[in-house]
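S.K.:
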Amino acid sequence: MDRKVRVRFAPSPTGALHIGGVRTALYNYLFARQNGGDMILRIEDTDSTRFVPGAEEYINEALAWLGIGIDEGVREGGNYGPYKQSERRDIYRTHVKQLLDEGKAYIAFDTPEELEAKRAEVQNFQYDASTRMSMRNSLSMPADEVKTLIDNGDKYVVRFKIEPDINVEVDDLIRGKVVINSSILDDKVLYKSADDLPTYHLANIVDDHLMEVSHVIRGEEWLPSAPLHVLLYEAFGWKDTMPQFVHLPLLLKPTGKGKLSKRDGKKLGFPVFPMEWKDNEDVWAGFREEGFLPEAVVNFVGLLGWNPGDDREILSMDDMIKEFSFEHCSKSGARFNFEKAAWFNHEYLINMPDEELAELYKPVLTENGVDVTNYSDDFLTKTVSLVKGRISFVKDLWEQSSFFFVAPETYAEKDVKKRWKEDTPAIMNELIDVLEGIEDFSSKPAEEVVIGWITEKGYHMGNVMNAFRLTVVGECKGPHMFDITELIGKEETIKRIKTGIEKIG
RNA sequence: GGCCCAUUCGUCUAUCGGUUAGGACGCAAGAUUUUCAUUCUUGAAAGAGCAGUUCGAUUCUGCUAUGGGCUACCA
């Protein structure tokens with residue numbers, strides 16, 4: 005029974021796509037691509053009360069930024085549409101009716117308030133085979149009364165009639181067989197007349213079946229309801245084409261307890277959303293805005309709960325498509341660790357061509373008041389190549405290379421104390437003369453001359469060079485001294501030394 | 001409370017009965033360097049506990065503990 009691999013990512017547009025959702029989408033995508041299958045994006049907007057404007061657009065944009073391609077969806081189209089559940093009402097109605105006609109579901113009139121009261125009154129109350137006859141539904145009430153209520157326009161729901169004491173088996177590609185007894189399941193609401201929409205469970209099963217989904221790859225939070233889904237496939241007579249279930253472990257908070265939430269990002273100072281997201285009152289940081297490369301995010305998130313079976317960690321999307329397998333998915337939740345995420349970004353940054361990095365640096369320079377048109381691409385590329393090993397994010401480039409663009413205005417006190425001696429100003433003046441005489445100011449030749457001079461005079465190498473650095477950089481840090489002076493040039497170098505002598509004294 | 005899932009260094013993980021339990025992030029030390037950083041080398045760091053199966057268990061089983069999820073007319 006080999007059939008085409010078709011998977012779906014089915015978010016509900018109730019907010020920004022969370023990083024855990026990103027991973028679910030990614031695994032679906034990897035599996036689809038690996039098997040030449042289709043990747044479907046289905047919008048599950050069956051809760052009309054939780055709809056958030058802009059969420060759907062956000063999901064689309066985020067997936068596009070990350071390079072997670074969609075084959076079928078609201079925007080992409082396809083032969084199995086519509087791909088938005090709120091546009092599939094007719095389909096659901098038909099299927100609900102089928103279950104009703106076959107006696108596999110029933111109509112219930114209990115209001116939310118009544119149910120709440122019942123739960124408060126009876127400990128561990130569950131709407132199931134043991135209690136349904138004492139509730140207000142089409143099983144416990146005369147048919148004409150039911151009809152009257154419906155004709156009256158009374159709101160009702162359709163509940164799935166679950167037979168008690170059946171052992172339901174769920175076959176999961178990561179966890180193996182999970183067996184649970186149907187008696188612990190309640191008669192789940194499948195449809196609400198109030199908004200003429202199904203609940204997740206019904207819509208999910210109907211759509212997965214109609215869209216010929218072969219593998220349902222989703223978060224572990226769905227594992228408890230998987231038996232219900234199996235029962236639904238059976239009720240519809242679709243057992244033979246039921247998709248293969250795969251439940252992924254959850255992403256946990258970096259510290260403390262529980263699964264990762266959007267609040268964690270705010271608290272700990274790192275993003276949990278791929279891109280910036282604006283709530284009613286809040287702005288939530290995104291990986292993109294924090295300076296993460298999409299490749300790094302994909303790589304990092306991909307390795308949270310899966311590994312290629314060996315020590316490799318830097319994996320491109322194509323690598324992961326090739327290597328992905330459920331056998332190498334872990335069963336337990338993974339803690340989200342920002343340090344490691346930053347390291348991945350660092351790796352991608354240093355392996356990127358310097359020209360590309362220089363392009364990414366331009367907006368940062370502009371932000372810091374540098375007119376980039378004053379600098380050649382060659383200058384920028386060289387600058388970036390000298391300092392890229394020190395950074396994890398593009399924005400860090402400024403801290404590491406601002407002295408290529410602006411002369412220091414202050415001098416690090418600690419370094420002045422250590423390297424600026426009484427005789428330093430005199431030696432710096434000598435240095436100016438030495439530099440003036442250098443024809444070829446590029447790194448190697450300039451270095452030879454200056455080092456030769458220091459040696460000849462018997463000066464202290466460390467003190468002279470660091471005092472020199474202090475005037476040019478403002479503190480004792482940065483790349484090789486003569487790589488810096490080559491880039492900023494003789495004139496600027498000497499000017500900075502003079503200023504330094506004046507200001508430090 | 002009930003049900004389900006899980007449990008290897010601080011974190012992400014490798015191991016599919018026999019290993020000095022490996023790698024990575026982070027951390028520490030040393031080397032290198034005219035500075036800071038890089039780089040290199042080294043180090044500290046783990047099988048939750050208790051039974052059982054076995055010649056032999058991190059690996060299989062059970063119990064306990066711990067963590068996580070679900071328990072809605074939310075997904």
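Counting from 5, one number per residue, gives the positions in the first sequence under the numbering used here. The beta-carbon is built from N, C-alpha and C at its ideal position, and this holds for glycine as well.
#1: Please report how far the alpha carbon of LEU143 lies from the alpha carbon of LEU21, in whole angstroms.
#2: Please list, in chain order, all residues of the same chain as ARG140 whose beta carbon is under 6 Å from its beta carbon, the five residues on each side excluded.
#3: At what residues does the beta strand (DSSP E) containing ALA112 begin and finish?
#4: Of the choices ILE488, ARG10, THR135, PHE472, whose alpha-carbon is the least far from that of VAL217?
#5: Out of curiosity, what's the CA-to-CA distance linking LEU255 and ALA29?
#6: If you reduce the DSSP assignment to three classes, tell me which class ILE221 lands in.
#7: Touch check for the region 298–318 and the region 217–231: three-plus C-beta pairs under 8 Å?
#8: Given a threshold of 16 other Cβ atoms within 10 Å of its Cβ, counted over all protein chains shown, does GLU403 qualify as buried or as exposed?
#9: Please report the Cβ distance between TYR131 and ASP191, rounded to the nearest whole angstrom; I am assuming they are in contact, meaning their Cβ atoms lie under 8 Å.
#10: In three-state DSSP terms, what is ASP51?
#11: Among MET485, GLU317, ASP42, which residue has its Cα nearest to the Cα of ILE455?
#12: Check for me: the beta strand (DSSP E) holding ASN64 runs from which residue to which?
#13: The beta strand (DSSP E) that contains ASN171, what's its start and end?
#14: Is PRO17 near ASP49, with beta carbons less than 8 Å apart?
#15: In three-state terms, what does DSSP make of LEU42?
#16: Going by DSSP in three states, LEU252 sits in which element: helix, strand or coil?
#17: Under 8 Å, do LEU361 and LYS335 count as touching if we go by C-beta distance?
#18: Assuming TYR365 is part of the beta strand (DSSP E), what are its boundary residues?
#19: Assuming LEU297 contacts TYR352 under a Cβ cut-off of 8 Å, what Cβ separation, rounded to an integer in Å, is found between them?
#20: From the DSSP output, which residues share a beta bridge with PRO202?
#21: Under 8 Å: do the region 479–498 and the region 444–461 share three or more Cβ pairs, one atom per stretch?
M.R.: Result, derived from the coordinates:
#1: Taking the straight line from one Cα to the other gives about 41 Å.
#2: Closer than 6 Å at Cβ, skipping near neighbours: PHE113, ASP114.
#3: Its beta strand (DSSP E) spans residues 109–112.
#4: When only C-alpha atoms are compared, the closest one is ARG10.
#5: Going by the C-alpha atoms only, they are around 14 Å apart.
#6: The answer is strand: DSSP assigns ILE221 an E or B state.
#7: Put simply, the region 298–318 does not touch the region 217–231. Fewer than three CB pairs are less than 8 Å apart.
#8: Counting Cβ neighbours within 10 Å, GLU403 comes out exposed, since fewer than 16 surround it.
#9: Right, the Cβ-Cβ distance comes to about 5 Å (below 8 Å), so this counts as a contact.
#10: When secondary structure is reduced to three states using DSSP, ASP51 falls in the coil class, being assigned neither helix nor strand.
#11: It is MET485 whose Cα lies nearest to the Cα of ILE455.
#12: Counting along the chain, ASN64 falls outside any beta strand (DSSP E), though it belongs to the alpha helix (DSSP H) covering 59–70.
#13: Going by DSSP, ASN171 is part of the beta strand (DSSP E) stretching over 171–176.
#14: Their beta carbons are under 8 Å apart, which means PRO17 touches ASP49 by this criterion.
#15: The residue you asked about is not Leu; residue 42 is Asp in the sequence shown. In the displayed model, ASP42 falls within a strand according to three-state DSSP.
#16: DSSP, read as helix, strand or coil, puts LEU252 in strand.
#17: The Cβ-Cβ distance between LEU361 and LYS335 does not fall below 8 Å.
#18: Where TYR365 is concerned, there is no enclosing beta strand (DSSP E), although the alpha helix (DSSP H) around it starts and stops at 358–371.
#19: Indeed, because the Cβ distance is near 5 Å, the residues count as touching under 8 Å.
#20: TYR195.
#21: Yes, they touch.
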